[in-house]
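Notes follow the structure.
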Amino acid sequence: MAQIQSPLPGTFYRASAPDKPPFKADGDAVAVGDVIGLIEVMKSFHEVRSDVAGRSIRFVADNEEPVMAGAVLAEVD
Amino acid sequence: MLKKLLVANRGEIAVRVIRAAQDLGIATVAVHSDADAASLHVQIADEAVNIGPPAAKKSYLNQANILKAAAETGADSIHPGYGFLAENADFADACVAAGLVFVGPSGEAIRTMGDKVAARSAAHAAGVPVVPGSTGRVADIEQARHMLMDTGFPVMIKAAAGGGGRGIRIANDLAEFEAAFPQAAAEAQAAFGDGGLYIEKVITRARHIEVQVLGDGRDAVHCWERECSLQRRRQKVWEEAPSTALSDRVRDELCQSAVRLARAVGYSGAGTVEFLYDDETEQFHFIEMNTRIQVEHPVTEMITGIDLVAEGLRIAGGEPLRLKQRDIVVRGHAIEVRLNAEDPSRDFAPFPGTVSALRVPGGPEVRFESMLYAGYTVPPFYDSLLAKLVVHGETRAAAIARLVRALKETRIEGLRTTRPLFLALAGDPAVQANAVHTRWLEGWLDTHSARLVPEFQP
Numbered sequence: 001m002a003q004i005q006s007p008l009p010g011t012f013y014r015a016s017a018p019d020k021p022p023f024k025a026d027g028d029a030v031a032v033g034d035v036i037g038l039i040e041v042m043k044s045f046h047e048v049r050s051d052v053a054g055r056s057i058r059f060v061a062d063n064e065e066p067v068m069a070g071a072v073l074a075e076v077d
Numbered sequence: 078m079l080k081k082l083l084v085a086n087r088g089e090i091a092v093r094v095i096r097a098a099q100d101l102g103i104a105t106v107a108v109h110s111d112a113d114a115a116s117l118h119v120q121i122a123d124e125a126v127n128i129g130p131p132a133a134k135k136s137y138l139n140q141a142n143i144l145k146a147a148a149e150t151g152a153d154s155i156h157p158g159y160g161f162l163a164e165n166a167d168f169a170d171a172c173v174a175a176g177l178v179f180v181g182p183s184g185e186a187i188r189t190m191g192d193k194v195a196a197r198s199a200a201h202a203a204g205v206p207v208v209p210g211s212t213g214r215v216a217d218i219e220q221a222r223h224m225l226m227d228t229g230f231p232v233m234i235k236a237a238a239g240g241g242g243r244g245i246r247i248a249n250d251l252a253e254f255e256a257a258f259p260q261a262a263a264e265a266q267a268a269f270g271d272g273g274l275y276i277e278k279v280i281t282r283a284r285h286i287e288v289q290v291l292g293d294g295r296d297a298v299h300c301w302e303r304e305c306s307l308q309r310r311r312q313k314v315w316e317e318a319p320s321t322a323l324s325d326r327v328r329d330e331l332c333q334s335a336v337r338l339a340r341a342v343g344y345s346g347a348g349t350v351e352f353l354y355d356d357e358t359e360q361f362h363f364i365e366m367n368t369r370i371q372v373e374h375p376v377t378e379m380i381t382g383i384d385l386v387a388e389g390l391r392i393a394g395g396e397p398l399r400l401k402q403r404d405i406v407v408r409g410h411a412i413e414v415r416l417n418a419e420d421p422s423r424d425f426a427p428f429p430g431t432v433s434a435l436r437v438p439g440g441p442e443v444r445f446e447s448m449l450y451a452g453y454t455v456p457p458f459y460d461s462l463l464a465k466l467v468v469h470g471e472t473r474a475a476a477i478a479r480l481v482r483a484l485k486e487t488r489i490e491g492l493r494t495t496r497p498l499f500l501a502l503a504g505d506p507a508v509q510a511n512a513v514h515t516r517w518l519e520g521w522l523d524t525h526s527a528r529l530v531p532e533f534q535p
């Protein structure tokens, strides 16, 4: 199992907008470079890309919740 | 006079408003999110109430929690600062409905100025020149064609319900216009639930000049103008007063037209009427009115000696306007720069963190408006403004020299800040000559940003 950590402190978003589907749902496959969420830092948005590949992702961090740099956002099997 | 003021904001503006209230003998209530419990505004207020989690919509935008905090602390008034709920007409109405004084204009005035088409119409009716374009909503392409013969191209197609740069398309000729118009209507309908569009001519090289007004609901005065042409992505980074670009005749016309608009909408409190100004034609055009205190208000305070926040509190407390127009006199020149937690050498990447050491600039005619203290951790959840450095001098050149001196004194360790940007701008011949326009800074950054590396001491 691998972990995807937040590169920045801020607010974690699982979708590009409130009315859009999440970038990844629990159980989706993940490739290296896939966008799995956004971190909002001081009103600017930064994509979080997976640096691992796997057949199933499971989110640990909740949508629209504060995270610290290095916090685990998701686990990948 | 107000007795107890709840300040519904955070950061430097909450500190600024609390100080003004305390100077007038008004008790103060700070509100804060979980992330701001150790903030300076919480420390200096007489009382503080936690209004929710870090996310702004759960705390600083949570109207129910803020009104509950006011009721529980016995506050008689709410100051919204800028941003958050400051231009939310429904919140202003909700305060009044709860028996509180909202420090600012009526919900109705906020609503009129918040609807961009209504604001253009109000300005036009008050004899204030607007950017050439449609007087109201444009129903269809046929109606637009007639108007476009007068305005020419390029034009912006804007959503009536838009704002903050959203819902804008640019057309360079009639063919582009005819293709873009139905798309813009569909987008506006989807994004704002209102497909209404209006049209404005693109003014390609203009200065941003704005007029500070104060009203008491019956009468209004102006406190002269500010120039804020140095912008990045429509965000002001350097503001000054007065503008050296205006002749006395144009300055008077501009300021008088702002007063006419403020009177026409029965404006109460401190507000700003924003214009684009074209050097070549010496024409100014209304863009919008901000119905709140603005970030850059201190430059006006420095040249007029007026405490704009305190005047706003007095007006909210029921006093008539104390200032007569003839008493509002400009002395010298003032400049403000925004020290943000951003790295200007890396596309202004945000840089939250902990202030490990702090040295604040001082001396005559220097103001440092900030919530920073040594050991303070800047949270990542809100905007990146750390401090406003405001200086005054007898002349613009003297103000720039004092700005450089004060910037060199300033040390904010543990963070990267925009300080190197302002040292470089202060030394630039175009800035020294004020030969700039609203798109000038972005072009300058393309060639200069790489050398704006912040000194960084963890």
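Chains as they are written, first to last, in this note's numbering: chain A, 1 to 77; chain B, 78 to 535. Ideal placement from N, C-alpha and C gives every residue a C-beta, glycine not left out.
Within the stretch 39 to 66 of chain A, contact with chain B at the beta-carbon level (separation under 9 angstroms) is assigned to I39, E40, V41, M42, K43, S44, H46, E64, E65, P66. Exclusion of the five residues before and after A2 of chain A leaves V52, V76 as the residues of its chain whose Cβ lies within less than 6 angstroms of its Cβ. The beta carbons of Y450 of chain B and L435 of chain B sit closer together than 8 angstroms.
Residue environment analysis places Q312 of chain B among the exposed positions, since fewer than 16 neighbouring C-beta atoms fall within 10 angstroms of its C-beta. In this structure, the straight-line span from the alpha carbon of D356 of chain B to that of R516 of chain B is close to 14 angstroms. For L101 of chain B and F230 of chain B, the gap between their C-alpha atoms comes out near 52 angstroms. DSSP places R282 of chain B outside both helix and strand once states are collapsed to three, so it counts as coil. In this structure the stretch 408 to 418 of chain B touches the stretch 360 to 379 of chain B; the number of beta carbon pairs closer than 8 angstroms is three or more. One thing to note: L323 of chain B has its Cβ no nearer than 8 angstroms to the Cβ of W315 of chain B.
Fully enclosed alpha helix (DSSP H) runs of no fewer than 4 residues occupy 117 to 121, 140 to 150, 166 to 174 of the stretch 113 to 183 of chain B, in order along the chain. Under the 10 Å beta carbon count, T358 of chain B is surrounded by fewer than 16 other beta carbons and is classified as exposed. Residue contact check for G10 of chain A against chain B: a CB pair falls below 8 angstroms.
DSSP, read as helix, strand or coil, puts T358 of chain B in coil.
Ranking B:G520, B:A339, B:V94, B:M366 by CA distance to the CA of V350 of chain B puts B:M366 first. Here V48 of chain A is near P7 of chain A, since their CB atoms are less than 8 angstroms apart. Distance from the CA atom of A507 of chain B to the CA atom of H514 of chain B, rounded to whole angstroms, is 10 angstroms. Taking each of B:E255, B:D123, B:I247, B:V290 in turn and checking the Cα distance to V279 of chain B, the smallest one comes out for B:I247. In terms of beta-carbon proximity, F458 of chain B lines the interface with chain A, with at least one pair separated by less than 8 angstroms. In the same chain as P9 of chain A, and ignoring 5 residues on each side of it, the C-beta atoms closer than 6 angstroms to its own belong to M68, A69, in chain order. In the DSSP assignment, E388 of chain B falls within the alpha helix (DSSP H) that extends over 385 to 393.
Between S461 of chain B and chain A, the shortest Cβ-Cβ separation is below 8 angstroms. With fewer than 16 other beta carbons inside 10 angstroms of its own, E219 of chain B counts as exposed.
Nearest neighbour of M448 of chain B by Cα position, chosen from B:D424, B:A418, B:R403, turns out to be B:A418. Between the stretch 426 to 443 of chain B and the stretch 397 to 404 of chain B, the count of Cβ pairs shorter than 8 angstroms is below three; the stretches do not touch. Every unbroken stretch of the alpha helix (DSSP H) spanning 4 or more residues and falling wholly within the stretch 78 to 110 of chain B is given here in chain order: 88 to 100. For A418 of chain B, the chain A residues whose Cβ falls inside 9 angstroms of its Cβ are M42, in order along the chain. Spanning the alpha carbons of A527 of chain B and L38 of chain A requires a straight line of approximately 26 angstroms.
Rounded to whole angstroms, the separation of the alpha carbons of L353 of chain B and K235 of chain B is 17 angstroms.
In the DSSP assignment, L353 of chain B is bridged to B:H285, B:H362. Counting along the chain, the unbroken alpha helix (DSSP H) around Q266 of chain B starts and ends at 251 to 269. Chain A has a Cβ within less than 8 angstroms of the Cβ of P427 of chain B.
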